[in-house]
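Asks: Chains as they are written, first to last, in our numbering: chain Z, 1 to 205; chain P, 1001 to 1251.
Take this structure first; my questions come after.
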Amino acid sequence: MQLARIFIFGLVTVIAHSVSLAEVSPVEALKSMNDQALDIVYGEAHQSASPEAKQARILEVMENTFDLSIVVKRAMATNWKLLTEEEQGKVVNLVKKLAVRALYQALEGAQRPQFTYGELIQQNSKRAEIPVTINTGQSVIYVDFRFGRMQSGWQIFDIVAEDVSFVSNYRQQINDHFRKSDAQALIKKLEDLLKNTTKNEEIKL
Amino acid sequence: MKKLSFKLSLITCAVAFASISVSAEEDYISDEELFTDDEFENAIVVKDPLEPINRVTFKFNDFVYENVLDPVASGYQWITPDPVEKGASNFFKNLRFPIRAASNLLQGRLDGAWVETGRFAINSTVGILGVNTPADSFEGFEPIPPEEFGQVLGAWGVSEGPYIVIPFLGPSNLRDAIGLVGDASLDPIREPLSLIDNWDWEWQFAVGTTELIVASPTLLDGYKKLKGSAIDPYSSVKNGYTQSRRAKIAE
């Protein structure tokens, strides 16, 4: 009787621990995040909100779903270690805001796009991807959301839109930047870019 | 006895936790792996020995795109109803059929050449000179990614060569620039329309310019997307172009 109790107690503990480790499916998390973001851009509830407020809300939704610092760290690659902890925090925040602004500007003024989610493709126990087709009404865009399994659960590792990887693209820019400049200049560039809502000053003739 | 059962319970729990932790550790990506992932390192090596010249050309092109092409594209979109815009774009795409068909054949893609030929036949007749694309709804003749000579050279194993920015045309590399010569030789605006009486350079220029205006909204859209949130727009366009070309050739 006593042994049975011990066994049940152990079993309950294992189950409880497993439940705590159980991860939300990346497909469901992605769908939920995208739907909420689209509701913010197109939904009536947010119609009166300013573009800045909407962008802040979208960022909040994204951060509640995934740890976006991971994708920024991957874009920074080995340059990440050239930054102090404070600089790292600043860069993460600035890149996140820039990415959300780019997303918002791509959606603003257009009709609500239709997302079609493919099956989760699990490459191995640590890597997975979800192919998504986005129909904007004008064109069809193919996007792969790539995930990595971290201690904190499945996290977005990269977004590949029409064969162009976000991580690779930013990594190129950041590598090129660090060949000639430093972390402070990068932060200044990102801040300037965020302030400048229309054109990039660097490419004026 | 009670003490013994309590101890046994603790040991059971500890063993259970330990076994879970050990097996789970192996299934997670470590922080170190975030930065040492060579999946991307290979993708971003772009030979760019002409970077100083390319950057100047990039600035020149950007000035032209912002101040000439963008207003033209916006004006064109403003005065042209969407169906007309779509029809004009379809017409010019259909006209470039010889480039796509030949490029498929030169890569040994007989299926691709067949689909392109079928689409051209259907769209040129039922679709009224390619203005409409009824072939989209014919089974087996749905749109396929367009092929051109740069891709043919890539498929034949010709390496990219250095990255170059061509005045007005934008990002390219040596191989793709040579491919443009091949495309031009099959461009129907030059041949076979030259067989038409009075098809002189003024007509070619007028039709070529119209084609550019019609294509400008799409061209600028892609360019702006890469440039939009870029820390370094030159690097962003260079990387985006190269990734896109490598993926097309690998397909």
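Beta carbons are placed, not taken as given, at the ideal position from N, Cα and C, and that holds for glycine.
Kindly list, in the order they appear in chain Z, the residues whose Cβ is closer than 8 Å to that of P/Gln1243.
Replies: Going along chain Z in sequence order, the residues near P/Gln1243 (Cβ under 8 Å) are Asp163, Val164, Ser165, Ser168, Asn169.
Asks: Would you list the residues sitting across from Z/Asp158 in a DSSP beta bridge?
Replies: According to DSSP, which records beta bridges pairwise, Z/Asp158 is partnered with Z/Arg146.
Asks: Which first and last residues belong to the beta strand (DSSP E) in which Z/Gln114 is found?
Replies: That run of the beta strand (DSSP E) goes 114-117.
Asks: How about Z/Gln173 and P/Ala1135: do their beta carbons lie closer than 8 Å?
Replies: Going by C-beta atoms, Z/Gln173 is not nearer than 8 Å to P/Ala1135.
Asks: Looking at the secondary structure, which residues open and close the beta strand (DSSP E) in which P/Gly1170 lies?
Replies: Its beta strand (DSSP E) spans residues 1170-1173.
Asks: With 7 Å as the C-beta to C-beta threshold (strictly closer), list the residues of the segment 148-160 of chain Z near chain P in chain order.
Replies: Taking 7 Å as the Cβ-Cβ cut-off against chain P, the residues of the segment 148-160 of chain Z that qualify are Gly148, Arg149, Met150, Gln151.
Asks: Quick one: what's got a C-beta closer than 7 Å to P/Tyr1234's C-beta in the same chain, skipping five residues either side?
Replies: So the list reads Arg1055, Phe1058, once near-sequence residues are dropped.
Asks: Return the Cβ separation of Z/Ile58 and Z/Phe157 in integer angstroms, given the expectation that the two are a contact with Cβ distance under 8 Å.
Replies: Contact doesn't hold; Cβ gap of about 20 Å is too wide.
Asks: Classify P/Ser1023 as buried or exposed, calling it buried when 16 or more other Cβ atoms lie within 10 Å of its own Cβ.
Replies: Only weak support is given to the placement of P/Ser1023: the predicted model assigns it a pLDDT of 48, under 50, and the value that follows is read from those uncertain coordinates. Burial call: exposed.
Asks: Mind pulling the chain P residues with CB within less than 7 Å of Z/Ser25?
Replies: Residues of chain P passing the Cβ test: none, with the nearest at roughly 16 Å.
Asks: Jot down the residue ranges of each uninterrupted alpha helix (DSSP H) in the segment 1112-1161 of chain P, minimum 4 residues, whole runs only, in chain order.
Replies: You should have 1149-1155.
Asks: Counting only Cβ pairs nearer than 8 Å, list the residues of chain P close to Z/Gln172.
Replies: Result: Ile1044, Val1046, Ser1235, Ser1236, Lys1238, Asn1239.
Asks: Can you find the residues in the same chain that come closer than 7 Å, C-beta to C-beta, to P/Glu1139, ignoring five residues on each side of it along the sequence?
Replies: Answer for P/Glu1139: no residue qualifies.
Asks: Answer yes or no: do P/Pro1167 and P/Asn1061 have a C-beta to C-beta separation smaller than 8 Å?
Replies: Going by C-beta atoms, P/Pro1167 is nearer than 8 Å to P/Asn1061.
Asks: Just by C-beta distance, which residues in the segment 89-102 of chain Z are closer than 8 Å to chain P?
Replies: Cβ contacts with chain P: Leu98, Ala99, Arg101, Ala102.
Asks: Just the chain Z side, please: which residues come within less than 8 Å of P/Tyr1028 by C-beta, in chain order?
Replies: Correct list: Lys126, Arg149, Met150, Gln151.
Asks: So, does the CB of Z/Ile134 fall closer than 8 Å to a CB anywhere in chain P?
Replies: No, its Cβ sits nowhere closer than 8 Å to a Cβ of chain P.
Asks: Can you list, in chain order, the residues of its chain whose CB lies under 7 Å from that of P/Ala1073, leaving out five sequence neighbours each side?
Replies: Around P/Ala1073: Ser1216, Pro1217, Leu1220.
Asks: Are P/Ser1117 and P/Ala1101 touching if we call contact CB-CB under 8 Å?
Replies: Strictly speaking, residue 1117 of chain P in this sequence is Thr, with Ser absent from that position. It is a contact, given that the beta carbons lie within the stated cut-off.
Asks: Please return the same chain residues whose Cβ sits closer than 8 Å to the Cβ of Z/Thr84, not counting the five positions on each side in sequence.
Replies: Closer than 8 Å at the Cβ level, and outside the excluded window around Z/Thr84, lie Ala183.
Asks: Residues of chain Z with CB closer than 7 Å to the CB of P/Ala1247, please, in chain order.
Replies: Here the neighbours are Asp163.
Asks: Considering only the alpha carbon of each residue, which of Z/Asp192, Z/Arg171, Z/Lys189 lies closest to Z/Ala77?
Replies: Nearest C-alpha to Z/Ala77: Z/Arg171.
Asks: Looking at C-alpha atoms only, which residue of Z/Gln151, Z/Ile134, Z/Ile40 is the closest neighbour of Z/Val24?
Replies: Here the closest residue by C-alpha is Z/Gln151.
Asks: Pick helix, strand or coil for Z/Glu129, following the three-state DSSP scheme.
Replies: Note: Z/Glu129 maps to strand in three-state DSSP.
Asks: From P/Ile1189 to Z/Ile130, what does the alpha carbon distance come to, in whole angstroms?
Replies: Between P/Ile1189 and Z/Ile130, the C-alpha separation is close to 42 Å.
Asks: Whose CA, out of Z/Ile187, Z/Gly137, Z/Phe147, lies closest to the CA of Z/Gln111?
Replies: It is Z/Gly137.
Asks: What are the residues of the segment 173-190 of chain Z that lie near chain P, defined by any Cβ-Cβ distance shorter than 9 Å?
Replies: The residues in question are Gln173, Ile174, Asn175, Asp176, His177, Leu186, Lys189, Leu190.
Asks: By the 8 Å beta-carbon criterion, what residues does the segment 1194-1226 of chain P contribute toward chain Z?
Replies: Of all residues in the segment 1194-1226 of chain P, Lys1225, Leu1226 have a Cβ within less than 8 Å of some Cβ in chain Z.
Asks: For a contact meaning CB atoms closer than 7 Å, what does Z/Ile70 contact in chain P?
Replies: Chain P residues near Z/Ile70: Leu1034.
Asks: Measuring straight from C-alpha to C-alpha, what distance separates Z/Leu193 and Z/Leu107?
Replies: Rounded to whole angstroms, Z/Leu193 to Z/Leu107 spans 19 Å at the Cα level.
Asks: From which residue to which residue does the beta strand (DSSP E) around P/Val1165 run?
Replies: 1163-1166 is the extent of the beta strand (DSSP E) around P/Val1165.
Asks: Per DSSP, what are the beta-bridge partners of Z/Gly153 in this structure?
Replies: For Z/Gly153, which the question treats as bridged, DSSP gives the partners Z/Met150.
Asks: In whole angstroms, give me the CA-to-CA distance for P/Gly1150 and P/Leu1180.
Replies: Rounded to whole angstroms, P/Gly1150 to P/Leu1180 spans 7 Å at the Cα level.
Asks: Which residues in chain Z sit within 9 Å of P/Asp1232, going by Cβ to Cβ distance?
Replies: Within 9 Å Cβ-Cβ: Gln172, Gln173, Ile174, Asp176, His177, Lys189, Glu202.
Asks: Can you check whether the C-beta of P/Ser1229 is within less than 8 Å of a C-beta belonging to chain Z?
Replies: Taking Cβ atoms only, chain Z reaches closer than 8 Å to P/Ser1229, which makes this a yes.
Asks: Assuming Z/Asn169 and P/Gly1240 are in contact, meaning their beta carbons sit under 8 Å apart, how far apart are those beta carbons, in whole angstroms?
Replies: Indeed, because the Cβ distance is near 6 Å, the residues count as touching under 8 Å.
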